[in-house]
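Residues 787 to 1208 in the working numbering are what the first sequence spells out, letter by letter. Every residue gets a Cβ at the ideal spot worked out from N, C-alpha and C, and that includes glycine. Read the structure below first, then the notes.
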Amino acid sequence: MRAQFPSGWSRLRISPNNLNLANTLPVGQSFLWHRRILASDTGGCREEFSRAVDDPPRVLFMRQTETDLWYTSLYPANQTRPNDDVDLPWIMDYFQLERHPSLEDLFADWRKRDPKLFGVAEVGSRAQGVRVLRQDPWECLIAFITSTNNHIPRITSLLHRLTHTFGRPVVIDDMDDGTLSYHLFPAAHEFGSELEHQLRNMGFGYRARFLESTLETLRARYGSQPGVIEAGLRDLRAADVGLARDELIQLMGVGRKVADCVLLMSLDKSSIIPIDTHMLAVASRHPSFPHRLRNKAMSAQAYDEVQTFLQDKWGPMGGWCQAVVFAVDLKERPTPEDKSPTGPEVKLEAVPEIDTAAISSIEHKETSTTKVQRKRRIFEGAAVVRHSTQTKRTRNSSTMMFKASTETLVATKVKGEDDMTK
DNA sequence: CGGCGCCCTTGAGT
DNA sequence: AACTCAAGGGCGC
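Listed below in structure tokens is the structure:
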């Protein structure tokens, strides 16, 4: 049972200028956080972020005020709670609070290095407290292969499906919301042999092949025992940038851009600035940007030159500067309320089993019926599943896709708590 | 080697 | 209501 806020929660004194959850978690770095808008303004907190984390499996909750980051975690019934606070070290590492204790010092440095660009870009509240997360390299890699030629809402929904389908469930007993089922990001060994087929049915498109091939390459490289792929990728943190990038680029679906994202966001390469359309536009606005690169298509050569230009400008923490500029540049993110079903009769009570085979067959035949839209919403809403005695249902054992999922599945969709990004 | 067509899907914009 | 078109690319010719 979750502790009442704020008693029973732990507190970390930190200014939103040094870490701002709302500006950091939902801006296209990580896609698996859940954001919930709190009903009442609880001690200055208007929202709560949560996700399942491992070692040991639990669900971590965070809220933020003007002075503090509050956190607590909930363990599944069969899981004994450790004596030490494992959440604080996790938070310190994930947000890189020890490694880079003062974001404001970095801002000052960037402002000095590049008053023309950064001085303009960082105005406004959306630049406040944006940090580069130190993510798990395996999760980061899968996420950014999925991200190619795709936008954030869809990346988010695909990765939630992936997690829900293959990841171990973490079922907790929440106070307000009854039983909630979160899922850990799936380990490499939890993917089966039919991966490409399954992923295609889940909507990954041509990326399905990339992901299966990448997994195959990683198994050949590191082995297939549980944990070795994750560990092998994590070891690249100690490797030289160029070497780590070469290892990544060998993987199908990983080009320069995706490799750079993984390097920056999970492998401690803080100077790397991934170049996308946003960063090209930002660089192009700069007075001293080379004229011949202005309206050129992005070739490998151009990528290198734009990257070098910005990295020279922004220095050894250039990747972090990119994160700030990117977050500011990102177009207005709707609040979770906006994601609530739009159709008139999509109340989503007592939802039937999720059958991906049925979904994909519908997708291929008829493209835009309300039925498809309805199914899809249900599917996406299942990232966090509420169990309740009235609406509990048993899953149909014939649905292959959800073998690895929870025993009981889906009841009511909870408005606004399933998805943080959109 | 550099340029260019193609790839899945869908939300957002007309 | 249909229809187009990017969306934080990458691959293969």
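Contact check, threonine 934 vs valine 1044, beta carbons under 9 Å: As a position in the first sequence, residue 934 is number 148, starting the count at 1. As a position in the first sequence, residue 1044 is number 258, starting the count at 1. Yes, these two residues count as a Cβ contact at 9 Å.
For tryptophan 1106, which residues does DSSP report across the bridge? Here residue 1106 is taken as the residue at index 320 of the first sequence, counted from 1. BP columns for tryptophan 1106 are empty, so no partner.
Collapsed DSSP secondary structure at glutamate 884 in the structure displayed: As a first step, residue 884 must be located in the first sequence, where it is residue number 98. Reduced to three states, the DSSP call for glutamate 884 is coil.
Give, in chain order, every unbroken run of the beta strand (DSSP E) that is at least 3 residues long and sits entirely within the stretch 806–864. The beta strand (DSSP E) runs lying completely inside the stretch 806–864 and spanning 3 residues or more are 820–828, 831–839, 844–850 and 854–860, given in chain order.
Which class does arginine 912 belong to by DSSP, given the choice of helix, strand or coil? The count along the first sequence starts at 1 and reaches residue 912 at position 126. Here arginine 912 carries a helix assignment [DSSP, helix/strand/coil].
Nearest-angstrom Cβ-Cβ length linking valine 1114 and glutamate 908, presumed shorter than 8 Å: Counted from its first residue, the first sequence places residue 1114 at position 328. Counted from its first residue, the first sequence places residue 908 at position 122. Right, their Cβ atoms sit about 7 Å apart.
DSSP three-state label for valine 956, please. Mapped onto the first sequence, residue 956 falls at position 170. Valine 956 sits in a strand when the DSSP states are folded into three classes.
For the beta strand (DSSP E) that glycine 964 lies in, which residues bound it at each end? The count along the first sequence starts at 1 and reaches residue 964 at position 178. In this chain, the beta strand (DSSP E) harbouring glycine 964 covers 964–969.
Is it right to say isoleucine 931 is buried, meaning 16 or more other beta carbons lie within 10 angstroms of its own, or is it exposed? Along the first sequence, one-based indexing puts residue 931 at 145. It counts as buried.
Candidates Asp1098, Leu818 and Asp840: closest to isoleucine 938 by CA position: Here residue 938 refers to the residue found at position 152 of the first sequence. Leu818 is the residue among Asp1098, Leu818 and Asp840 whose C-alpha sits nearest the C-alpha of isoleucine 938.
State the Cα-Cα distance for the pair histidine 969 and isoleucine 877, rounded to the nearest angstrom. Translated into positions along the first sequence, residue 969 becomes position 183. Translated into positions along the first sequence, residue 877 becomes position 91. When the Cα atoms are used, histidine 969 and isoleucine 877 turn out to be separated by approximately 19 Å.
Specify whether the stretch 843–861 and the stretch 824–834 touch according to this definition: at least 3 beta carbon pairs, one from each stretch, less than 8 Å apart. A contact exists between the stretch 843–861 and the stretch 824–834.
By how many angstroms is the C-alpha of serine 999 removed from the C-alpha of valine 936? Residue numbering aside, residue 936 sits at position 150 when the first sequence is read from its first letter. Residue numbering aside, residue 999 sits at position 213 when the first sequence is read from its first letter. One point to set straight first is that residue 936 is asparagine, not valine, in the sequence displayed. Cα-Cα distance, rounded: 19 Å.
Pair every Cβ in the stretch 1008–1024 with every Cβ in the stretch 939–952, then say whether three or more of these pairs are closer than 8 Å. As far as the Cβ criterion goes, the stretch 1008–1024 does not touch the stretch 939–952, which means the pair count is below three.
Among Ser1070, Gly1028 and Gln1036, whose alpha-carbon lies nearest the alpha-carbon of leucine 1050? To locate residue 1050, count along the first sequence from 1; it is residue 264. Residue Gly1028 holds the alpha-carbon nearest to the alpha-carbon of leucine 1050 among Ser1070, Gly1028 and Gln1036.
Compare the Cα-Cα distances from leucine 919 to each of Val906, Leu883 and Pro862 and report the closest residue. Within the first sequence, residue 919 is the residue found at index 133, counting from 1. When each option's Cα is compared against that of leucine 919, the closest is Leu883.
Would you say arginine 821 and leucine 811 are within 9 Å of each other, going by their C-beta atoms? Along the first sequence, read from residue 1 onward, the residue named residue 821 stands at position 35. Along the first sequence, read from residue 1 onward, the residue named residue 811 stands at position 25. In this structure, arginine 821 sits near leucine 811, with a CB-CB distance shorter than 9 Å.
Spatial distance of valine 808 from arginine 885 (CA atoms): For the purposes of this step, residue 808 is taken as residue 22 along the first sequence, with counting starting at 1. For the purposes of this step, residue 885 is taken as residue 99 along the first sequence, with counting starting at 1. Note that residue 808 is alanine in the sequence shown, not valine. Cα to Cα, the separation comes out at about 21 Å.
Mapping DSSP to helix, strand and coil, what is serine 943? The sequence position of residue 943 within the first sequence is 157, counting from 1. It is helical.
Taking the alpha carbon of glutamine 914 as the reference point, which residue from Leu889, Pro923 and Gln921 has its own alpha carbon closest? Stepping through the first sequence from its first residue, residue 914 is reached at position 128. Relative to the Cα of glutamine 914, the nearest Cα in the group Leu889, Pro923 and Gln921 belongs to Leu889.
Taking DSSP as the reference, what is the three-state secondary structure of arginine 1023? The count along the first sequence starts at 1 and reaches residue 1023 at position 237. Residue state, collapsed to three classes: helix.
Does DSSP classify leucine 903 as helix, strand or coil? Here residue 903 refers to the residue found at position 117 when the first sequence is read from its first residue. Coil at leucine 903, not helix or strand.
Contact set for proline 1012: own chain, Cβ-Cβ below 6 Å, skip 5 residues either direction: On the first sequence, position 226 is the one that residue 1012 refers to. For proline 1012, same chain residues with a beta-carbon under 6 Å away, outside a window of 5 residues either side, are His975 in chain order.
Could you tell me which of Gly1104, Phe1112 and Leu1116 sits nearest to aspartate 900, measuring between CA atoms? Here residue 900 refers to the residue found at position 114 of the first sequence. With respect to the C-alpha of aspartate 900, the residue from Gly1104, Phe1112 and Leu1116 having the closest C-alpha is Gly1104.
Pick from Leu945, Arg1080 and Tyr880: whose alpha carbon is nearest that of valine 839? Residue numbering aside, residue 839 sits at position 53 when the first sequence is read from its first letter. The residue with the shortest Cα to Cα distance from valine 839 is Tyr880.
Contact defined as beta carbons within less than 8 Å: I believe tyrosine 1089 pairs with arginine 1031. What is the distance between those atoms, to the nearest angstrom? Along the first sequence, one-based indexing puts residue 1089 at 303. Along the first sequence, one-based indexing puts residue 1031 at 245. Between tyrosine 1089 and arginine 1031, the beta carbon gap of about 12 Å keeps them out of contact (Cβ cut-off 8 Å).
Roughly how many whole angstroms lie between the Cα atoms of serine 943 and phenylalanine 990? Translated into the one-based positions of the first sequence, residue 943 becomes position 157. Translated into the one-based positions of the first sequence, residue 990 becomes position 204. Between the alpha carbons of serine 943 and phenylalanine 990 lies a distance of about 10 Å.
Return helix, strand or coil for serine 1085, following the three-state DSSP convention. As a first step, residue 1085 must be located in the first sequence, where it is residue number 299. Judged by DSSP in its simplified three-state form, serine 1085 adopts coil rather than helix or strand.
Distance check for leucine 1066 and serine 1085, CA to CA, integer angstroms please. Start at 1 with the first residue of the first sequence, and residue 1085 comes out as number 299. Start at 1 with the first residue of the first sequence, and residue 1066 comes out as number 280. Put simply, the backbone Cα of serine 1085 is about 12 Å away from that of leucine 1066.
For leucine 985 and methionine 997, believed in contact at Cβ under 8 Å, the rounded distance: For the purposes of this step, residue 997 is taken as residue 211 along the first sequence, with counting starting at 1. For the purposes of this step, residue 985 is taken as residue 199 along the first sequence, with counting starting at 1. What sits at residue 997 in the sequence shown is leucine, not methionine. About 6 Å separates the two Cβ atoms, so the contact holds.
Assuming histidine 1072 and leucine 903 form a contact by the criterion Cβ under 8 Å, report the distance between their Cβ atoms to the nearest whole angstrom. Taking the first residue of the first sequence as position 1, residue 1072 is located at position 286. Taking the first residue of the first sequence as position 1, residue 903 is located at position 117. Right, their Cβ atoms sit about 5 Å apart.
Using 10 angstroms around the beta-carbon of serine 727, count the other beta-carbons present and answer buried if the total reaches 16, otherwise exposed. Since the displayed the chain opens at 787 and closes at 1208, residue 727 lies outside it and no answer follows.
Would you mind sorting asparagine 987 into buried or exposed? The rule is 16 or more other CB atoms within 10 Å of its CB. Sequence index remark: in the first sequence, residue 987 carries index 201 (1-based). So asparagine 987 ends up on the buried side.
Using the C-alpha atoms, what's the distance from isoleucine 928 back to alanine 994? Along the first sequence, one-based indexing puts residue 994 at 208. Along the first sequence, one-based indexing puts residue 928 at 142. Roughly 11 Å between the two C-alpha positions.
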